[in-house]
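J.: Input: one structure, supplied below.
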Amino acid sequence: MSGICGMLALKGAVPDEHALIRMVDSLHHSEGERAGHRIIGQCGLGLQTHITTHENPLFVSHAAPDIPVRGSPQQAVEAWIVKDGLAFNHADIRAALTAMRHRFKTGEDTETLLRSYIQFGPENFIKPYRGQFTLAIWDETHHRLTLLRDRLGQKPIYYAITDEWVVFSSKIKSVLEHPAVGKRPNLAAIPYQLAVGFPPPGQTMFEGVNILPPGHMLTVQLYTEQDAFPDIEPYWQPPLTETGDDPRSEEDIAYELLAHLRWATGLNRFGAREIGIFLQGGLSSSALLALLLQQTSDQVTTFSVNLPGGFAHDEMSVIRKLRARYVTRHIDIDIDPNVPALIDRLLWLNDEPFGDAGVVMAHAAYEAMSEHVPVVLMGNGGDELFAGYEDFRIAQIARQYDRLPDIAQRAIGGAVERLPTSSSRQGVAWRISQVAQTANLSLAERYLEWIRYVPDEWFNQILGTSAATAVRRQYSTHFDLEGADGFIAPLLDVNIRVHLPYDQLVRLDHVAGAAGLNVRLPFMDHHLVQFAAGIPASLKLKRGISRYILRQALAEVLPRRVLDSRGETGLPAPVDDWFRGDVGSIAQKALLNEKAAIAGLFDTDPVHVMLEQHRSGAADLGRALWPILILELWMQRSFV
Numbered sequence: 196m197s198g199i200c201g202m203l204a205l206k207g208a209v210p211d212e213h214a215l216i217r218m219v220d221s222l223h224h225s226e227g228e229r230a231g232h233r234i235i236g237q238c239g240l241g242l243q244t245h246i247t248t249h250e251n252p253l254f255v256s257h258a259a260p261d262i263p264v265r266g267s268p269q270q271a272v273e274a275w276i277v278k279d280g281l282a283f284n285h286a287d288i289r290a291a292l293t294a295m296r297h298r299f300k301t302g303e304d305t306e307t308l309l310r311s312y313i314q315f316g317p318e319n320f321i322k323p324y325r326g327q328f329t330l331a332i333w334d335e336t337h338h339r340l341t342l343l344r345d346r347l348g349q350k351p352i353y354y355a356i357t358d359e360w361v362v363f364s365s366k367i368k369s370v371l372e373h374p375a376v377g378k379r380p381n382l383a384a385i386p387y388q389l390a391v392g393f394p395p396p397g398q399t400m401f402e403g404v405n406i407l408p409p410g411h412m413l414t415v416q417l418y419t420e421q422d423a424f425p426d427i428e429p430y431w432q433p434p435l436t437e438t439g440d441d442p443r444s445e446e447d448i449a450y451e452l453l454a455h456l457r458w459a460t461g462l463n464r465f466g467a468r469e470i471g472i473f474l475q476g477g478l479s480s481s482a483l484l485a486l487l488l489q490q491t492s493d494q495v496t497t498f499s500v501n502l503p504g505g506f507a508h509d510e511m512s513v514i515r516k517l518r519a520r521y522v523t524r525h526i527d528i529d530i531d532p533n534v535p536a537l538i539d540r541l542l543w544l545n546d547e548p549f550g551d552a553g554v555v556m557a558h559a560a561y562e563a564m565s566e567h568v569p570v571v572l573m574g575n576g577g578d579e580l581f582a583g584y585e586d587f588r589i590a591q592i593a594r595q596y597d598r599l600p601d602i603a604q605r606a607i608g609g610a611v612e613r614l615p616t617s618s619s620r621q622g623v624a625w626r627i628s629q630v631a632q633t634a635n636l637s638l639a640e641r642y643l644e645w646i647r648y649v650p651d652e653w654f655n656q657i658l659g660t661s662a663a664t665a666v667r668r669q670y671s672t673h674f675d676l677e678g679a680d681g682f683i684a685p686l687l688d689v690n691i692r693v694h695l696p697y698d699q700l701v702r703l704d705h706v707a708g709a710a711g712l713n714v715r716l717p718f719m720d721h722h723l724v725q726f727a728a729g730i731p732a733s734l735k736l737k738r739g740i741s742r743y744i745l746r747q748a749l750a751e752v753l754p755r756r757v758l759d760s761r762g763e764t765g766l767p768a769p770v771d772d773w774f775r776g777d778v779g780s781i782a783q784k785a786l787l788n789e790k791a792a793i794a795g796l797f798d799t800d801p802v803h804v805m806l807e808q809h810r811s812g813a814a815d816l817g818r819a820l821w822p823i824l825i826l827e828l829w830m831q832r833s834f835v
């Protein structure tokens, strides 16, 4: 939808306007966008913003502000701001500021944020806001730069710090437009990328370019023209999941949970005249539909996606039930993307390699939805908050497996060894194999094996055992949370703190934003996240029932058939089929070439074996081959 960028000279230089314009231009996605930039002393700020072309505009009668937005020079503090995203509750805060004699020129949340900064200062201004946004404020009076990423990381912001500059943007490509920032691959991040599907938290795949953690501020105070230091500190962090007993009854917890979810759903309607909901056959998106229809008389558009090969019967049954119960304008979207043609565009949109092939399917879905509505609610975050993923059930099985006598474990292990190799992550056999093969590992190491893209046996051959050990150690640090306890709770915490803000939400923002689609995630409201963290993990996965307490909370608003549904299916990609078709041909050409970029990074002979085993049908290795192929194509695109 939009993006911000800028630069700050640390040693008194004047920002290069031509470089700033290039940074702004690199944020451009499509027609219907407008841009602006401004140099104020040692700081340059830029913004590219999308103007919706729908018959019903995205925002209701908001006046167009100056770009960047400036605080009144009559105020005690003169400051400038650029922002990407939305502060949903800014109207309430604006009313309080008006009572304090602030005068507003526009109806924009951007101006409200800036006047909050002027009134309350950099440490406190963000506290009352709820939304999904990043921002940069240059305080000309105090010579201070403030960069901020929202609490859950729904919007990314990247930065690079050199001896003389701080450079930042919503896109990596924009940061790289500054002449002080070199364009070099982060080779040390490659093992982690191939295992987990994204770079180590805080890093990107470009050396020297970093991503600001969620709930953090980066501040730079220019004390003199020769002395400045950047400081990165959290202003909010999600609480750890409760593992003890709760004195409240299940009924009371469920009642409060429903109230929080209802409020978050209503809040995410901010400014939208037309709104849609992406139904994925699971509990989270179904809940959003029921709660939204309780709060609006406007027409709501629902979407479901027809994937190649079709949804599983359970998901389609849930969607049919919802369509029969609720009156909406429903649109079925057929998705069968031309994957070879999309890969290069997706690499350009994301700037980095991506392990999840579902990004291809998501891109096609978002572009189709954007033709009908400007705003879509999605249920992302529901499974992470309430233990909806299959991996959480596997963890529960693993705990039971650990209690079996050795003879029973050996018998199961022997049977597992006879199972065919597969990376499809489906079926009872796969779940049992994951438990048996990871016995005697720590919880962190076990979880890494359950979620990884390139399986450990192939990873060791390609990158070596030392790299495999380093990745395990690096990933295990995410579980070193003071006060963390239990077996399920740490998995919930790592998903909220690591996988969502550094992988899923980043890709969602880049791909949906490029389609001109404003995706909003009520389950990521930080008040809801805080409340959910206080619910014991034992009420989230109880007696093998995932999202147990969420089901109890929604019992009064959803039919039983929907309550019994599984988690959100996402947009699974038939990656095994792809690698036996056109994508396989691309992989053969790219990866079997002696001049392949990855040939200088690790042993490609095992990759050749993987391709042959997959092509012949001896193994299903599409999920493992995808990140290797995307890494190669990214290297070619970026550095060759």
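Be aware that the sequence shown starts at 196, since it is given in this note's numbering, and climbs by one per residue. All C-beta atoms in this analysis are idealised placements derived from N, C-alpha and C, irrespective of residue type, glycine included.
Nearest to V693 by CA position, among L745, E579, P731, is which residue?
T.: Ranking the options by Cα distance to V693, first place goes to E579.
J.: D546 to L716, Cα distance in whole Å?
T.: Rounded to the nearest angstrom, the two C-alpha atoms are 23 Å apart.
J.: On a CA-only basis, which of I691, T664, V495 is nearest H673? Give me that one, please.
T.: It is I691 whose Cα lies nearest to the Cα of H673.
J.: Can you list, in chain order, the residues of its chain with a C-beta nearer than 7 Å to that of M400? Leave out the 5 residues immediately preceding and following it.
T.: Closer than 7 Å at Cβ, skipping near neighbours: P380, N381, A384, Q388, P394, E547, P548.
J.: I believe G392 touches I406 by the beta-carbon criterion, under 8 Å. Please report the beta-carbon distance rounded to the nearest angstrom.
T.: That pair is no contact at about 15 Å.
J.: Once you ignore the five residues that flank N251 on each side, which residues in its own chain have a CB closer than 6 Å to its CB?
T.: At N251 the pLDDT is 28, less than 50, meaning the model places this residue with poor confidence; the figure from the coordinates comes in the next sentence. For N251, where only same-chain residues beyond five positions count, the Cβ hits under 6 Å are R468, E469.
J.: I'd like the list of long-range same chain contacts for P317, defined as Cβ closer than 8 Å, with 5 residues on each side in sequence excluded.
T.: Closer than 8 Å at the Cβ level, and outside the excluded window around P317, lie I332, D334, R339, T341, M412, T414.
J.: Have a look at L347 and G326 and give me their C-alpha separation to the nearest angstrom.
T.: Between L347 and G326, the C-alpha separation is close to 10 Å.
J.: On a CA-only basis, which of F718, A707, S741, P409 is nearest A590? Give me that one, please.
T.: Out of F718, A707, S741, P409, S741 has the C-alpha closest to the C-alpha of A590.
J.: Residues in its own chain within less than 8 Å of A274 by CB, not counting five upstream and five downstream?
T.: Closer than 8 Å at the Cβ level, and outside the excluded window around A274, lie R265, G266, L309, Y312, I313, I332, W333, D334, E335, T336.
J.: Pairs of beta-carbons, one from the segment 513-528 and one from the segment 730-750, closer than 8 Å: are there three or more?
T.: No, the segment 513-528 is not in contact with the segment 730-750.
J.: Do you know offhand how far A768's Cα is from Y418's?
T.: The alpha-carbon atoms of A768 and Y418 are separated by roughly 52 Å.
J.: Going by C-alpha to C-alpha distance, which of I538, I276, I199 sits closest to V778?
T.: Cα-wise, what sits closest to V778 is I538.
J.: Could you tell me whether the Cβ atoms of R457 and V554 are closer together than 9 Å?
T.: Going by C-beta atoms, R457 is not nearer than 9 Å to V554.
J.: Given R647, which residues of its chain have a CB within under 8 Å of its CB, disregarding the five upstream and five downstream residues?
T.: Cβ within range, chain order: A390, V391, F654.
J.: Does the beta-carbon distance from K278 to I199 come in below 9 Å?
T.: Taking 9 Å as the Cβ cut-off, K278 and I199 qualify as a contacting pair.
J.: Would you grab the beta carbon distance between G236 and M202 for me? Rounded to a whole angstrom, and I think it's under 8 Å.
T.: About 12 Å separates the two Cβ atoms, so there is no contact after all.
J.: Sort H285, A710, L687 by Cα distance to V570 and report the nearest one.
T.: Comparing Cα positions, the closest option is A710.
J.: Hey, is the segment 298-309 in contact with the segment 280-289, meaning 3+ C-beta pairs nearer than 8 Å?
T.: Touching, per the Cβ criterion.
J.: Between D493 and chain D, is any beta-carbon pair separated by less than 9 Å?
T.: Absence of chain D from the displayed structure is noted, only one protein chain being present.
J.: Tell me which same chain residues have a C-beta within less than 6 Å of the C-beta of L745, skipping the five on either side of it?
T.: Counting only Cβ-Cβ distances below 6 Å, and skipping sequence neighbours, we find F581.
J.: Ignore the nearest five residues each way along the sequence and tell me which others in Q432's own chain have a CB closer than 6 Å to its CB.
T.: The residues are G410.
J.: Just the C-alpha distance for V724 and K790, rounded to the nearest angstrom, thanks.
T.: Their Cα atoms are separated by approximately 48 Å.
J.: Using alpha carbons as the reference points, say which of W829, A593, A286 lies closest to E303.
T.: Considering only alpha carbons, the answer is A286.
J.: Could you have a look at H232 and say whether DSSP puts it in helix, strand or coil?
T.: Strand at H232.
J.: In angstroms with no decimal places, state the Cα-to-Cα distance between Y670 and Y697.
T.: The alpha-carbon atoms of Y670 and Y697 are separated by roughly 13 Å.
J.: Enumerate in chain order the residues of its own chain whose CB-to-CB distance from A785 is below 8 Å, with the five nearest sequence positions on each side excluded.
T.: So the qualifying residues of the chain are A791, L824, E827, L828, Q831.
J.: In the structure shown, what three-state DSSP assignment does P685 receive?
T.: Correct three-state label for P685: helix.
J.: Is it buried or exposed, M295, if we count other Cβ atoms within 10 angstroms and call 16 or more buried?
T.: Per the 10 Å Cβ criterion, exposed.
J.: How should E437 be labelled, buried or exposed, when 16 other C-beta atoms within 10 angstroms of its C-beta is the threshold for buried?
T.: Buried, since its Cβ has 16 or more Cβ neighbours within 10 Å.
J.: On the criterion of 16 or more Cβ atoms from any shown chain inside 10 Å, does L599 qualify as buried, or is it exposed?
T.: Exposed.
J.: Does A359 come out as helix, strand or coil in the three-state DSSP assignment?
T.: With the sequence shown as reference, residue 359 is identified as Glu, and Ala is not the correct amino acid for it. Reduced to three states, the DSSP call for E359 is coil.
J.: By how many angstroms is the C-alpha of E445 removed from the C-alpha of A663?
T.: If you take the alpha carbons of A663 and E445, they lie about 43 Å apart.
J.: Is it right to say F834 is buried, meaning 16 or more other beta carbons lie within 10 angstroms of its own, or is it exposed?
T.: Label assigned to F834: exposed.
J.: Judging by CA-CA distance, which residue of M218, G608, R613, L638 is the nearest neighbour of Q632?
T.: Minimum Cα distance to Q632 is reached at G608.
J.: For Q327, which residues does DSSP report across the bridge?
T.: Paired residue(s): L281.
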